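Chemist:
Protein chains: 2
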Amino acid sequence: MATAKTTEFTQAEQDLATFAKALAHPARIAILKILAEQNACICGKIVEVLPLAQSTVSQHLKELKNAGLIKGTVEGPKSCYCINWEAFEKINSEFSFLFTSLKTQNSKSCC
Amino acid sequence: MATAKTTEFTQAEQDLATFAKALAHPARIAILKILAEQNACICGKIVEVLPLAQSTVSQHLKELKNAGLIKGTVEGPKSCYCINWEAFEKINSEFSFLFTSLKTQNSKSCC
DNA sequence: TTGTTCTATCGTAAAAAAACGATAAACTAA
DNA sequence: TTAGTTTATCGTTTTTTTACGATAGAACAA
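Going line by line, the protein sequences match chains X and E.
If you count the first sequence from 1, you need to add 802 to reach my numbering.
If you count the second sequence from 1, you need to add 802 to reach my numbering.
#1: For the alpha helix (DSSP H) containing residue 812 of chain X, list its first residue and its last residue.
#2: Distance, Cα to Cα, residue 821 of chain X vs residue 878 of chain E?
#3: Within a Cβ cutoff of 7 Å, which residues of the same chain sit near residue 884 of chain E, ignoring the five residues on either side of it in sequence?
#4: Can you check whether the C-beta of residue 826 of chain E is within less than 8 Å of a C-beta belonging to chain X?
#5: Just verifying my parser: in three-state terms, what is the DSSP assignment at residue 872 of chain E?
#6: In angstroms, rounded to a whole number, what distance separates the CA positions of residue 825 of chain X and residue 869 of chain E?
#7: From the beta carbon of residue 823 of chain E, is the nearest beta carbon of chain X less than 8 Å away?
#8: Taking the beta strand (DSSP E) that residue 833 of chain E falls in, what are its first and last residues?
#9: For residue 835 of chain X, decide whether its Cβ has a neighbour in chain E, counting only Cβ atoms nearer than 8 Å.
#10: Does residue 927 of chain X have its Cβ less than 8 Å from a Cβ in chain E?
#11: Three-state secondary structure (DSSP) at residue 848 of chain X?
#12: Between the alpha carbons of residue 891 of chain E and residue 881 of chain X, how many angstroms are there, rounded?
#13: Quick check on the DSSP output: the beta strand (DSSP E) that includes residue 843 of chain X runs from which residue to which?
#14: Could you pull the DSSP bridge partners for residue 880 of chain X from this structure?
#15: With burial defined as no fewer than 16 other Cβ atoms inside 10 Å of the residue's Cβ, what is the status of residue 859 of chain E: buried or exposed?
#16: So, for residue 862 of chain X: in the same chain, excluding its five sequence neighbours on each side, which residues have a beta-carbon less than 8 Å away from its beta-carbon?
In structure tokens, the structure reads:
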């Protein structure tokens with residue numbers, strides 16, 4: 803795949819795409835909202851609220867964790883998840899940077 | 803798929819996920835950058851720069867267009883694309899809204 | 001110990017995304 | 001008209017994502 807032509811994609815482009823992918827599913831956005839509302843933790847509560855099976859929710863949590871957006875710790879038999887605010891701040895600024903950098907170039911459409 | 807449990811996903815969650823999905827590939831982010839830099843248009847130039855086949859680039863352009871992020875017009879045998887700034891502004895504010903609304907709830911991690 | 005609860009992981013199936021080559025349509029230039 | 005450009009679309013393959021049920025491990029309760 804992608805057999806190098808002129809340019810490869812930059813690291814920034816790839817990072818942003820990875821972050822975007824983590825947000826590219828309504829379930830994962832819903833999870834982030836829940837974690838933010840409840841301030842923290844929660845685990846099986848997410849399963850109760852979402853229209854998905856437990857194993858599927860677990861999978862989404864894993865993806866969010868892999869993307870660095872959330873942190874998780876084990877609490878006895880339960881699992882506690884919460885938003886990783888530092889990483890979140892980073893993503894936020896990267897997105898803002900993308901938007902503003904695109905915008906400041908030129909704000910006219912040609913077609 | 804998603805056999806309704808308690809809540810379905812909200813429209814806002816789905817919209818955001820759709821936008822995120824449009825940005826979830828380095829090629830599409832690269833395309834947006836190129837369009838912003840060149841202010842507008844371009845078509846085969848994108849193919850020259852990206853490490854992808856022409857048909858693949860065309861596919862990505864189509865996805866960006868479907869997501870409403872870019873506009874396209876035909877100019878003779880060529881195709882002219884440019885960023886749809888209105889839609890872009892909307893996405894930008896939706897993302898900002900997500901980030902800030904999550905953040906303002908509570909900024910403490912529990913785990 | 002035994003049973004219960006909670007959650008991660010495994011195995012699997014179905015759907016979507018990504019990529020390519022080939023082709024066809026639309027236009028320009030000779 | 002004929003040849004060349006440019007790009008969208010078709011057909012296809014491969015990979016990734018999404019989803020589920022079943023299961024296993026960990027911890028608590030009785």
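Even glycine gets a Cβ: it sits at the ideal position worked out from N, Cα and C.
Note that this is a predicted model, so its numbers are computed, not measured.
Modeler: Looking at the atomic coordinates:
#1: Here residue 812 of chain X refers to the residue found at position 10 of the first sequence. Segment: none, residue 812 of chain X is in no alpha helix (DSSP H) and carries neither H nor E.
#2: On the first sequence, position 19 is the one that residue 821 of chain X refers to. On the second sequence, position 76 is the one that residue 878 of chain E refers to. Cα-Cα distance, rounded: 38 Å.
#3: Taking the second sequence and counting its residues from 1, the one referred to as residue 884 of chain E is at position 82. Closer than 7 Å at Cβ, skipping near neighbours: 837, 842, 843, 872 and 873.
#4: Reading the second sequence from its first residue, position 24 is the one you call residue 826 of chain E. It does: the Cβ of residue 826 of chain E has a partner Cβ on chain X nearer than 8 Å.
#5: The sequence position of residue 872 of chain E within the second sequence is 70, counting from 1. Residue 872 of chain E: strand per DSSP, three-state reduction.
#6: Residue 825 of chain X sits at position 23 when you count from the first residue of the first sequence. Residue 869 of chain E sits at position 67 when you count from the first residue of the second sequence. Their backbone Cα atoms lie some 15 Å apart in a straight line.
#7: Counting from 1 along the second sequence, the entry for residue 823 of chain E is found at position 21. Yes, residue 823 of chain E lies at the interface with chain X (some Cβ there is under 8 Å from its Cβ).
#8: Here the question's residue 833 of chain E lines up with position 31 in the second sequence. Premise fails: residue 833 of chain E lies in the alpha helix (DSSP H), 828-839, not in any beta strand (DSSP E).
#9: As a first step, residue 835 of chain X must be located in the first sequence, where it is residue number 33. True, the Cβ-Cβ gap to chain E drops below 8 Å.
#10: Outside the displayed span of chain X (803 to 913) sits residue 927 of chain X, for which this structure offers no information.
#11: Position 46 of the first sequence, counted from the start, is the residue given in the question as residue 848 of chain X. The answer is helix: DSSP assigns residue 848 of chain X an H, G or I state.
#12: Counting from 1 along the second sequence, the entry for residue 891 of chain E is found at position 89. Counting from 1 along the first sequence, the entry for residue 881 of chain X is found at position 79. Going by the C-alpha atoms only, they are around 38 Å apart.
#13: Taking the first residue of the first sequence as position 1, residue 843 of chain X is located at position 41. Residue 843 of chain X -> no beta strand (DSSP E), and no H or E assigned at all.
#14: What you label residue 880 of chain X is simply residue 78 of the first sequence in a count that begins at 1. X:877, per the DSSP bridge assignment.
#15: Numbered from 1 along the second sequence, position 57 holds the residue referred to as residue 859 of chain E. Flag for residue 859 of chain E reads buried.
#16: Position 60 of the first sequence, counting from 1, holds the residue named residue 862 of chain X. Correct list, in chain order: 827, 829, 830, 833 and 854.
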